[in-house]
Every structure is written in structure tokens, then in C-alpha cells.
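Trainee:
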Amino acid sequence: MKYSIAQYNVAVCYEDGVGATKDFENAMGWYKKSADNGYELAIKRLDKLSENSLLETKENDVELDSLTEEQIKQRMTQQWKLHHGLFLDGHSIQPSKQAVFVDDGDLCTNLYRGEPMVYININGFDSLTNLLTFDNNIFSDLQPFDICINFPVAEITYKGDLLESFSTYMEEVEDVEDNKDLHDLYGHIFANKFLVGGQLFIKNFRLASSKQIDVLKFYITWAYNSAKNNNATQFNDDTFGALYLETPNGVKLNTPKKLANWLNNLYQDNVIDIISYKNLRSISQLRKAKDADAEDTIFAANDSETQDEKNPGIANFERKLSLQEWVGDDLYVNLVKWIKDFHPFQGLVINQSHKIENSKKIAINIIEVPKVNISDKTYFEMINPTMKLENNLIFNNIFSMKDLNSFPFIKSNNKSYGDHIHVLFKYEQYEIRLSKDHIKPTKEFEQIIENALNYMKPLEALQDVFDEYGHLFPQRIILGRTLRNILPKTSSVDMFDNINLKSPIFELLDNLNISYLLTREGEVVEKNDLTNWIQTIIWKLLSLMILFLFTKS
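Residues in the sequence shown are numbered consecutively from 1, following the numbering used here.
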């Protein structure tokens, strides 16, 4: 057993790409060394990779190109042994020794459209239920976990004719219910629907602080959405604290980066296994009968005897929730959506033409869930920009820039825009606040800054850095909507900072001689339609956009 555990861990790193480049051949080699030294987990993993995983198929892409679609489906059936029964040994689900169905039946694969499922308090020692045994024997060697999350990628259904060898065996068996040889050969149950994907187990969940739990839920939601939608997102390598996630192989995913890499392997590289067996029936229910046309058909008991599902590694659980139900706070889900839609945590680059865009590279990592507040404010505001850059910032919904000259590496000019006034109507729905406790620089950003400072011309090098990573970064982000108009500044216009909507709106617009306002997209909202527009926006939350940002150098 010497070095067997270390050899197993090296194999897992190569298989999952944790701390090393993914390499199937190296993974198999290290699994074999560990298995040869007698390590049980390595033996089981080696068997599963050799027989059931799509990883083997990935190594034979050239050969697959020469196969027909039916041959590829047949190979998938054989690798995952979808045509076998399932043997329940009390702590795992194993394919039966002998096949039950033909391997060239009807296989259908569809992308999974539902949410990941969360199982609470699994494998409790005090539970009288064991879903991984046929006769409900209780096993004490099942490892308990606080949480198990199933991430399905695809749903597979398989239907095939019974093998003649199985039918012949069943005809010769007198008592199929209690026949041990039947179960040893063909298993206890069979399934015709399978979910394939990945499983993660969470330990120490109940020992963690509410802050640690919030951070973990946020990162799971963010990493899951990024991987599923193939969004390029940078995640940090800081640990989750006392909490950690674990794969069925025993690999600890204790940082957001490791979690994101694992999910990317799952959803983008299809490194998947069977994680749920559905539409289950007892093997003893299978029979062949002759219909009116003398064709062989499969006979089974009625649907009331069909079991719902069984999941590898889950003998019992207290509750089953969807990922969104488990996360609970919709603000986390919304925050992930806002990150995807608005890129609020990227820097802002102001080019030489004073056009503003998101930075190409990301300079910060999120180390604590940002604070999200419901704002629900509506008001008018007037702003008199003093230079061209400030005017452009206002057009891009960037406000509260008190002294533009204090921001380094932004090339501004002093051209006065004092003869124009921006009249803005703002509806604030949510406020996101970021402090130094929520973020930290990425290692890449820190390194490139250090390199720039050591350059012969550091100011030029730093200018190039900030042109890529951004000149400004928001500390306060408001999501909502805005309407605007631009007026010439005259002595008859009385300036004001802001007026809330309890004031007479239409009287204000009349005094300013404003008959309409414009959306950011250039759509006209007539003065008489303003009330209806406000009500529509309040109820139509999906139309939110970044309203303005409070920035700091």
C-alpha cells in the first residue's frame, strides 16, 4: 500500500486537470500504479474509466469518425452498460455481470434542461433507509455528507429487446423474487432512463459561518452558469475556509478556481459519468410474452411498482431541492445574471476619443459576496458638465466624478461644456456596493504591475497596463433605468441637484420647456406617457441596465 494514495491523487489531478494539464493516458497510468499497490479507490476508478466513461471514447476520435451513428450509440451502450441490470450492494450501484437487453436497441440522448439537484444530509447513520440495497439492509460504512449536488448534463433513454439468454434463464427459474443466482448474474433492478453529468459533495457545511456559506453558494451559482453558458470568467484561488467540495473520486475542490475548472470539464469537455438511474423496475418483473401478431414483447409489472430514481453515493437523504431553491436568495441568482449581462466587475477604459468600454482583461477577483441593496428610488437630476470627458461619462451613465484631473492615466482636456445641461430622470432598483473587503487584485495583474514598475520607462508601461485592465473601477453600481434631455444653459434655467417624484413632475418639465425625454437607446418618451413608462419599468425588471457608477481611482 506504500505510496498508493499519493499515486491515486496524482492520477486524479491528471484526470480532472487540477494543478496539471488534463492527460487521460497519464491518469490511467497512475491509477494503474495505485491499483497495483492495492488501493481500492484506484481499482474501482480504473474499472469505471475503462468501461463506463466517455473519456475512453475521447481517445478514439479518429476511429469514431469511421463509425456510423448507430455504431457510436452501440459503443456508448456498451461502455456505460446501459443494457445491463443494476446490482445493489448496499453502498454502490454496479452493472450486472450479464447483460439483460441487446446492445443495439433504441438509444436517445438529449441535453438536460432542468436545474442541478441538491440532496440535504445524505447517508445519515440514524436513517432506516438505504436506497442502495435491494432488501434495505443498513450499512455503516457509507460516508455521510451535509450536501450532495447532482449536475446533470444530458438525459439518456435506452430501450432494447431482451436477450435470448436472459429469457431462457427466466423460464427455468421457479422463484424469481428470492433467487440469489438471478440477482448475482443480472442484478436486482434495471433502468431505462439515465442522467449523466457530475456529482459534488459538501462537507463541514453546518460548521461554516453564514458568510462562508453565502460565498460558497454565490460561487457555485456563478461557476455553474459560467460553465454551462461557456462564458470566459476568471476565478480566484483563495480557499472557501472550513468548507470544501469533494468529487466522487475524493478530489477536494476548495477554491473557486478549482470548482470552475471542474464544472468547465463537465459542461465543455463532457467529462461525465452516470449520476442518476431513473424509471427503475425489478429484474424479476421482466418476461417475454406473445402478442396477437406472435411478436416478442417485454412484459413488466404495472407502473405503480416503478421506483423513481437511485443515485450513486446517496443511500438516504432528508430533503431534495433544486439548486435555485437551495441557494434561496434570488439576489445571488440576479447578481450572477448581472455579472454576465453588464460586466460590472470589469474595469472601464477611456480611449483617446473619450469613448468608454469595458476592459479586455479583468484586474480583480471577488473574495466576498458584494452587498446588494434594494434601492427603489425615482428622481430628477440636473448636471452641468465642465469638459468634454465629463460630458461623455454622463452619456455612459457614469457620475460622481468630482475631479477628473485626479485620475491618472486618463488623457482629458479642458474644453468647456458649460453651456449645456443634462436633465436626467433616474429610476434606481438595485444598488451593488464593493469595498476593499470584497475584492483583491488578480495574481496576473499584480505581476504585470510589478513588471511595469521595473521597466525602464515605468509610466509608459503602466499606461499600457491600464489601457488593457481599465482606468476606472466601480465601487457603487446602480441598476435601473434613465431618461434624459439636454438643454442649453440660460439664465432662465434654475439648476437643482435632484428632485424626487413627490414633486410635481409635469410642472417641472413645463418650467424647463421639456416635452419629451430619451432613453439610452434613443427612444422617445413623451411627457404625457412618462407615468405609464415608470409603471412599466417598475414591473418589467428584466429591462434593468447599469444606471451609473460611483468610481474611485
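Backbone N, C-alpha and C fix where the C-beta goes; we use that ideal spot for every residue, glycine too.
1. For the segment 157–165 against the segment 72–83, do three or more pairs of beta-carbon atoms, one drawn from each stretch, fall closer than 8 Å, so that the two count as touching?
2. In or out: residue 531 buried (at least 16 other Cβ within 10 Å) or exposed?
3. For residue 450, count neighbouring Cβ atoms within 10 angstroms of its own Cβ and tell me buried if that reaches 16, exposed if not.
4. My assumption, with CB atoms under 8 Å, is that residue 131 sits in contact with residue 310. Please give the rounded CB distance.
5. With DSSP collapsed to three states, give me the class of residue 57.
6. Could you pull out every residue in the same chain whose Cβ sits closer than 7 Å to the Cβ of residue 438, ignoring the five residues on either side in sequence?
7. When you compare only the Cα positions, how much space is there between residue 444 and residue 340?
8. Entirely within the segment 220–287 and at least 4 residues each: give me those alpha helix (DSSP H) ranges in chain order.
9. Among 335, 349, 348, 9, whose alpha-carbon lies nearest the alpha-carbon of residue 246?
10. Report back the beta-carbon spacing between residue 336 and residue 442 to the nearest angstrom; my notes put them in contact at under 8 Å.
11. Taking the beta carbon of residue 571 as the centre, do at least 16 other beta carbons fall within 10 Å, making it buried, or is it exposed?
12. Might you give, ordered along the chain, the residues of its own chain that have their beta carbon closer than 7 Å to the beta carbon of residue 210, omitting 5 neighbours on each side?
13. Please report how far the alpha carbon of residue 385 lies from the alpha carbon of residue 506, in whole angstroms.
14. By a C-beta neighbour count over all protein chains shown, 10 Å radius and 16 as the cutoff for buried, is residue 261 buried or exposed?
15. Going by the CB atoms, is the gap between residue 204 and residue 243 shorter than 9 Å?
16. Would DSSP call residue 511 helix, strand or coil?
17. Rank 375, 519, 343 by C-alpha distance to the C-alpha of residue 470 and give the top, closest one.
18. Alpha carbon to alpha carbon, how far is residue 251 from residue 6?
19. Helix or strand or just coil, what does DSSP make of residue 182?
20. Out of 4, 457, 453, which one is the CA nearest neighbour of residue 34?
21. Return the residue from the list 390, 194, 483 that minimises the CA-CA distance to residue 86.
22. Closest to residue 399 by C-alpha separation, out of 373, 324, 476, would be which residue?
23. Can you list, in chain order, the residues of its chain whose CB lies under 8 Å from that of residue 257, leaving out five sequence neighbours each side?
24. Once the 5 residues before and after residue 241 are set aside, which same chain residues still bring their CB inside 6 Å of it?
25. Which residues share a DSSP beta bridge with residue 108?
26. What number of angstroms, rounded off, separates the C-alpha of residue 208 from the C-alpha of residue 202?
27. Determine the burial state of residue 315: buried for a count of at least 16 other Cβ atoms within 10 Å of its Cβ, exposed for fewer.
28. Roughly how far, in whole angstroms, is the beta-carbon of residue 427 from the beta-carbon of residue 534, given that I think they are within contact range, below 8 Å?
29. With DSSP run on the structure shown, which of helix, strand or coil describes residue 143?
30. Return the Cβ separation of residue 272 and residue 199 in integer angstroms, given the expectation that the two are a contact with Cβ distance under 8 Å.
31. Under the three-state reduction of DSSP, which class applies to residue 296: helix, strand or coil?
32. Starting from the C-beta of residue 355, find all residues in its chain whose C-beta is less than 8 Å away, skip the five residues before and the five after it, and write them out in chain order.
Mentor: Working from what's here:
1. yes
2. Residue numbering aside, residue 531 sits at position 531 when the sequence shown is read from its first letter. With fewer than 16 other Cβ atoms within 10 Å, it is exposed.
3. One-based indexing of the sequence shown puts residue 450 at position 450. Flag for residue 450 reads exposed.
4. Here the question's residue 131 lines up with position 131 in the sequence shown. Here the question's residue 310 lines up with position 310 in the sequence shown. Sure, about 5 Å apart at Cβ, within 8 Å.
5. Against the sequence shown, residue 57 aligns to sequence position 57. Here the model assigns residue 57 a pLDDT of 45, short of 50, so the residue's position is not dependable, and the following value carries that caveat. The answer is helix: DSSP assigns residue 57 an H, G or I state.
6. By one-based count along the sequence shown, residue 438 stands at place 438. These residues qualify, in order along the chain: 366, 367, 368, 370.
7. Within the sequence shown, the letter at position 444 stands for residue 444. Within the sequence shown, the letter at position 340 stands for residue 340. Taking the straight line joining both Cα atoms gives about 22 Å.
8. 256–267
9. Here residue 246 corresponds to residue number 246 of the sequence shown, with the count starting at 1. Ranking the options by Cα distance to residue 246, first place goes to 9.
10. As a working mapping, residue 336 is identified with position 336 in the sequence shown. As a working mapping, residue 442 is identified with position 442 in the sequence shown. Residue 336 to residue 442, Cβ: 19 Å. No contact.
11. Past the boundaries of the shown model lies residue 571; the chain is included only from 1 to 553, so the question cannot be answered.
12. The residue you call residue 210 lines up with position 210 of the sequence shown. There are no such residues.
13. Start at 1 with the first residue of the sequence shown, and residue 385 comes out as number 385. Start at 1 with the first residue of the sequence shown, and residue 506 comes out as number 506. Between residue 385 and residue 506, the C-alpha separation is close to 25 Å.
14. Here residue 261 corresponds to residue number 261 of the sequence shown, with the count starting at 1. Buried is the call here.
15. Reading the sequence shown from its first residue, position 243 is the one you call residue 243. Reading the sequence shown from its first residue, position 204 is the one you call residue 204. Cβ distance < 9 Å, so residue 243 and residue 204 count as in contact.
16. Reading the sequence shown from its first residue, position 511 is the one you call residue 511. It is helical.
17. If you number the sequence shown from 1, residue 470 lands on position 470. Residue 343 is the option with its Cα nearest to residue 470.
18. To locate residue 251, count along the sequence shown from 1; it is residue 251. To locate residue 6, count along the sequence shown from 1; it is residue 6. The straight-line gap from Cα to Cα measures roughly 12 Å.
19. Here the question's residue 182 lines up with position 182 in the sequence shown. Residue 182: helix per DSSP, three-state reduction.
20. By one-based count along the sequence shown, residue 34 stands at place 34. Cα-wise, what sits closest to residue 34 is 4.
21. Position 86 of the sequence shown, counting from 1, holds the residue named residue 86. Out of 390, 194, 483, 194 has the C-alpha closest to the C-alpha of residue 86.
22. By one-based count along the sequence shown, residue 399 stands at place 399. Per the Cα distances, 476.
23. To locate residue 257, count along the sequence shown from 1; it is residue 257. Closer than 8 Å at Cβ, skipping near neighbours: 235, 236, 237.
24. Here residue 241 refers to the residue found at position 241 of the sequence shown. Closer than 6 Å at the Cβ level, and outside the excluded window around residue 241, lie 212.
25. Against the sequence shown, residue 108 aligns to sequence position 108. BP columns for residue 108 point to 157.
26. Counting from one through the sequence shown, the residue named residue 208 turns up at place 208. Counting from one through the sequence shown, the residue named residue 202 turns up at place 202. One C-alpha to the other measures close to 11 Å.
27. To locate residue 315, count along the sequence shown from 1; it is residue 315. Buried, since its Cβ has 16 or more Cβ neighbours within 10 Å.
28. Start at 1 with the first residue of the sequence shown, and residue 427 comes out as number 427. Start at 1 with the first residue of the sequence shown, and residue 534 comes out as number 534. At roughly 7 Å, the Cβ-Cβ gap stays under 8 Å, so residue 427 and residue 534 are in contact.
29. Within the sequence shown, numbered from 1, the residue matching residue 143 stands at position 143. Residue state, collapsed to three classes: coil.
30. In the sequence shown, counting from the first residue as 1, residue 272 sits at position 272. In the sequence shown, counting from the first residue as 1, residue 199 sits at position 199. 10 Å between Cβ atoms; not a contact.
31. Taking the sequence shown and counting its residues from 1, one reaches residue 296 at position 296. Confidence at residue 296 is low in this model, with a pLDDT of 47, below 50, so its placement is unreliable and the value that follows should be read with caution. Correct three-state label for residue 296: strand.
32. Against the sequence shown, residue 355 aligns to sequence position 355. Excluding sequence neighbours, residue 355 sits near 392.
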